[in-house]
Every structure is written in structure tokens, then in C-alpha cells.
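Below you'll find the structure, written out as C-alpha cells, and then a few comments.
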Amino acid sequence: MNEEHLTAEQIQYQFPHLTLAEVYGGLAYYLLNKEQIDADLVVEDEVFRAAAAEASPNSRSQLRMFAILR
Numbered sequence: 087m088n089e090e091h092l093t094a095e096q097i098q099y100q101f102p103h104l105t106l107a108e109v110y111g112g113l114a115y116y117l118l119n120k121e122q123i124d125a126d127l128v129v130e131d132e133v134f135r136a137a138a139a140e141a142s143p144n145s146r147s148q149l150r151m152f153a154i155l156r
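Counting from 87, one number per residue, gives the positions in the sequence shown under the working numbering.
And the structure:
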């Protein structure tokens with residue numbers, strides 16, 4: 087996983103609809119559940135890559151666009 091090492095304030099600046107308290111809450115939740123969350127992200131990435139590999143060239147282009155827009 088990529089870790090950018092942003093402060094809570096930097097995260098809140100990037101997501102102004104969140105309060106600083108919500109950012110700290112999210113960080114606390116992540117730290118308490120890091121192992122499971124990281125494992126879930128790995129599985130999601132594997133599923134995405136498998137679907138992309140099986141897709142037609144046109145579908146891969148659409149998947150790429152979807153990933154970019156996410």
C-alpha cells in the first residue's frame with residue numbers, strides 16, 4: 087500500500103466536507119483495524135486486476151476510465 091504520511095489537517099484540507107474530528111476518527115478506526123483493512127484492499131485489488139485481465143480490450147479501457155474517475 088502507498089502511505090503518503092499526511093497529517094490529519096492535510097487530509098481534512100483535501101476533503102473539506104469532513105471535520106477534523108471525523109478525520110481523526112477515521113484514522114483511529116484504520117489504526118485499530120489496519121490488518122483487516124489492508125487485507126481487504128489487497129483482495130479488492132486482486133479482484134479488479136483479474137476482471138481487467140479477463141475483459142475485452144474495450145472493457146479494459148472502460149475499467150481503466152472507471153478506476154481513474156474513482
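Think of the CB as a built atom: it goes at the ideal place given N, C-alpha and C, for glycine as much as any other residue.
Own chain partners of residue i with C-beta closer than 7 Å, once the 5 adjacent residues on each side are dropped
{"i": "Ile53", "result": "Outside the shown range of the chain (87 to 156) lies residue 53, about which nothing can therefore be said."}
{"i": "Ala141", "result": "Leu149"}
Residue i versus residue j - alpha carbon distance
{"i": "Leu104", "j": "Thr93", "result": "14 Å"}
{"i": "Gln96", "j": "Pro102", "result": "10 Å"}
{"i": "Ser145", "j": "Ala138", "result": "8 Å"}
{"i": "Arg135", "j": "Met151", "result": "14 Å"}
{"i": "Gly112", "j": "Pro143", "result": "37 Å"}
{"i": "Ala125", "j": "Val109", "result": "21 Å"}
{"i": "Val129", "j": "Asn119", "result": "16 Å"}
{"i": "Asp131", "j": "Gln148", "result": "16 Å"}
{"i": "Val133", "j": "Ile154", "result": "17 Å"}
{"i": "Leu127", "j": "Ala114", "result": "18 Å"}
{"i": "Glu90", "j": "Glu121", "result": "18 Å"}
{"i": "Met87", "j": "Gln98", "result": "Per-residue confidence for Met87 stands at a pLDDT of 44, beneath the threshold of 50, marking its modelled position as unreliable; the derived number appears in the next sentence. When rounded, the distance between both Cα atoms is 21 Å."}
Same chain only: Cβ atoms within 8 Å of residue i, ignoring 5 sequence neighbours per side
{"i": "Arg100", "result": "Note on identity: in this sequence residue 100 is Gln, with Arg being the wrong assignment. So the list reads Leu92, once near-sequence residues are dropped."}
Same chain only: Cβ atoms within 6 Å of residue i, ignoring 5 sequence neighbours per side
{"i": "Ala107", "result": "none"}
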